[in-house]
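Novice:
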Amino acid sequence: MILGGIEAGGTKFICAISDENMEIKERISIPTTAPEETMLNVFEFFDKYDVDAFGIGSFGPIDVNPSSDTYGNITSTPKVAWQHYPFLDVMKDRYDVPFSFTTDVNAAAYGEMKMGAAKGKGSCMYITVGTGIGAGIVIDGEVIHGFSHPEAGHILVRRHPEDMFAGFCPFHGDCLEGIAAGPAIGKRFDTDAKDLPKHHISWEIEAYYLAQALVNYTLTVSPEMIIFGGGVMKQDQLYPLIYKEFESLMNGYVETPKLSEYIVPCQLEDNAGIIGCLLLAKNAYETK
Ligand code: ADP
Ligand code: ZN
Numbered sequence: 001m002i003l004g005g006i007e008a009g010g011t012k013f014i015c016a017i018s019d020e021n022m023e024i025k026e027r028i029s030i031p032t033t034a035p036e037e038t039m040l041n042v043f044e045f046f047d048k049y050d051v052d053a054f055g056i057g058s059f060g061p062i063d064v065n066p067s068s069d070t071y072g073n074i075t076s077t078p079k080v081a082w083q084h085y086p087f088l089d090v091m092k093d094r095y096d097v098p099f100s101f102t103t104d105v106n107a108a109a110y111g112e113m114k115m116g117a118a119k120g121k122g123s124c125m126y127i128t129v130g131t132g133i134g135a136g137i138v139i140d141g142e143v144i145h146g147f148s149h150p151e152a153g154h155i156l157v158r159r160h161p162e163d164m165f166a167g168f169c170p171f172h173g174d175c176l177e178g179i180a181a182g183p184a185i186g187k188r189f190d191t192d193a194k195d196l197p198k199h200h201i202s203w204e205i206e207a208y209y210l211a212q213a214l215v216n217y218t219l220t221v222s223p224e225m226i227i228f229g230g231g232v233m234k235q236d237q238l239y240p241l242i243y244k245e246f247e248s249l250m251n252g253y254v255e256t257p258k259l260s261e262y263i264v265p266c267q268l269e270d271n272a273g274i275i276g277c278l279l280l281a282k283n284a285y286e287t288k
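Residues 1 to 288 in my numbering are what the sequence shown lists, from first letter to last.
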C-alpha cells in the first residue's frame, strides 16, 4: 500500500509517503505561498508515486461537510490567496483515489489516538497552543465533524483579574486564542513567549485560561484523554499549574481520570499531524 499524507499548514505543507505500517519513505516541507505555486510542488512530489489513498489535514477553516457544494474548500482563512480555494477538488482532479479530508488538528488527534499518547483509547482531544490555538476531537475512533468542524480554540473564557491585555483574535479579540496563544503571551509582556522565565506570572495567567478551556472540553466532550501540542506547551511548568487550576474549577463535580494521566503532552511531537494524515489515508483506502 502506498499512502500519501499532506499536513497543510499556514506556513508550510508537509507531504509524506508511507506504507501501511506508517514507515515513511519520503517527506518534504514546502513553503505555503500562493495556492497554484504550492500545489505545483505538491504534485511534483506525489507524481513520483502510484499513491493508493490520501489523507489531508488542513489549516482552516475548511468545509468538511460531504453534502455541501463547497466540500473540500478552504473557506474564510485570513490567508487571502487561499480563501475559497477548492483544495480537495484540485487534488482529486489529479489523483483518482480515495481521500480523507479534515483539519490539521483533527489529523493530529487521530495520530495521537492510534499511535501516540492515547494509543488503545477510543477517544481523545488534541489541543495545540502555538501561533494559534486549535483543537481536534476523535470519538469512537472517528474524527468529529458536524455542520463544520470544532473550532475549540476560539471559545470564551473568564479574564484573569491581573490581565489587561486586550487580546489579538481578529474575530473575537479576547477569545481563548486571542489571550492564550503564543503571540498573546509575547504581546502581553512585550517579548517572545520563549524568553519568559519559568516562574513568571505569565504562566499562571496562561494556566488560568487553559484550565478553563479544559474544564469546558471535559464537560462537553468527556474525552478519555486531553493531549497538548504546540510550541507554548514545551513549557513544562505549565502542567502542574493547569492541574491545580483545573481541580479548583471542577471542584469535584466530575470525577476525571488522574490529571497527570488525563492531561498530557503529545507523544508523536511534530509528527502527530503527518502520521495522522497517513493513518487517515489508510482508513480511506480500507473503507472505500
Ligand atoms: P506553529 O503554531 O506556527 O506551528 P509553534 O507551535 O512553534 O508554531 O508556535 C509558535 C508560537 O509559540 C510563537 O508565538 C512562539 O512564541 C511560541 N513558542 C514556540 N516555542 C515556545 C517555547 N518553547 N516556549 C514558549 N513559547 C513558545
Ligand atoms: Zn477568536
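Virtual Cβ for every residue (Gly too), placed ideally from N, Cα, C.
Pull the bridge partners of PHE101 from the DSSP assignment, please.
Specialist: Position 101 of the sequence shown, counted from the first residue, corresponds to residue 101. DSSP, once it has assigned bridges, lists ILE56 as partnering PHE101.
Novice: Just to check my reading of the structure: GLY182 and VAL232 have Cβ atoms closer than 8 Å, yes? What is that Cβ distance to the nearest angstrom?
Specialist: Counting from 1 along the sequence shown, the entry for residue 182 is found at position 182. Counting from 1 along the sequence shown, the entry for residue 232 is found at position 232. Contact flag correct, Cβ pair sits at about 5 Å.
Novice: How is the alpha helix (DSSP H) around MET125 delimited, first residue to last?
Specialist: Within the sequence shown, numbered from 1, the residue matching residue 125 stands at position 125. No alpha helix (DSSP H) contains MET125, which is instead part of the beta strand (DSSP E) from 124-129.
Novice: Please determine, among ILE24, GLY252 and LEU176, the residue with the shortest C-alpha to C-alpha distance to ALA213.
Specialist: Within the sequence shown, the letter at position 213 stands for residue 213. Comparing Cα-Cα distances from ALA213 to each of ILE24, GLY252 and LEU176, the minimum goes to LEU176.
Novice: Report yes if the CB atom of GLY111 is closer than 9 Å to the CB atom of ASN271, and no otherwise.
Specialist: Counting from one through the sequence shown, the residue named residue 111 turns up at place 111. Counting from one through the sequence shown, the residue named residue 271 turns up at place 271. In this structure, ASN271 lies closer than 9 Å to GLY111 by Cβ.
Novice: Would you call the stretch 223-243 and the stretch 128-144 in contact, with 3 or more CB pairs under 8 Å?
Specialist: yes
Novice: By alpha-carbon positions, which one of GLY60, ALA284 and PHE99 ends up nearest to HIS84?
Specialist: The residue you call residue 84 lines up with position 84 of the sequence shown. Of GLY60, ALA284 and PHE99, the residue nearest in Cα terms is GLY60.
Novice: Helix, strand or coil for GLY146, going by three-state DSSP, please let me know.
Specialist: Indexing the sequence shown from 1 puts residue 146 at position 146. It is coil, neither helix nor strand.
Novice: Just to check my reading of the structure: GLU224 and SER123 have Cβ atoms closer than 8 Å, yes? What is that Cβ distance to the nearest angstrom?
Specialist: If you number the sequence shown from 1, residue 224 lands on position 224. If you number the sequence shown from 1, residue 123 lands on position 123. Contact holds; Cβ gap of about 5 Å.
Novice: Among VAL215, ARG27 and GLU204, which has the Cα closest to the Cα of LEU238?
Specialist: Stepping through the sequence shown from its first residue, residue 238 is reached at position 238. LEU238 has its Cα closest to that of GLU204, out of VAL215, ARG27 and GLU204.
Novice: List the residues that DSSP assigns as beta-bridge partners of GLY229.
Specialist: Counting from 1 along the sequence shown, the entry for residue 229 is found at position 229. Answer is THR128, bridged to GLY229.
Novice: Leaving aside the five residues before and after HIS172 along the sequence, list all residues of the same chain whose C-beta is less than 8 Å from its C-beta, in chain order.
Specialist: Taking the sequence shown and counting its residues from 1, one reaches residue 172 at position 172. So the qualifying residues of the chain are HIS154, LEU156 and GLY178.
Novice: DSSP state of LYS48, grouped into three classes?
Specialist: Counted from its first residue, the sequence shown places residue 48 at position 48. Collapsing the DSSP output to three states places LYS48 in coil.
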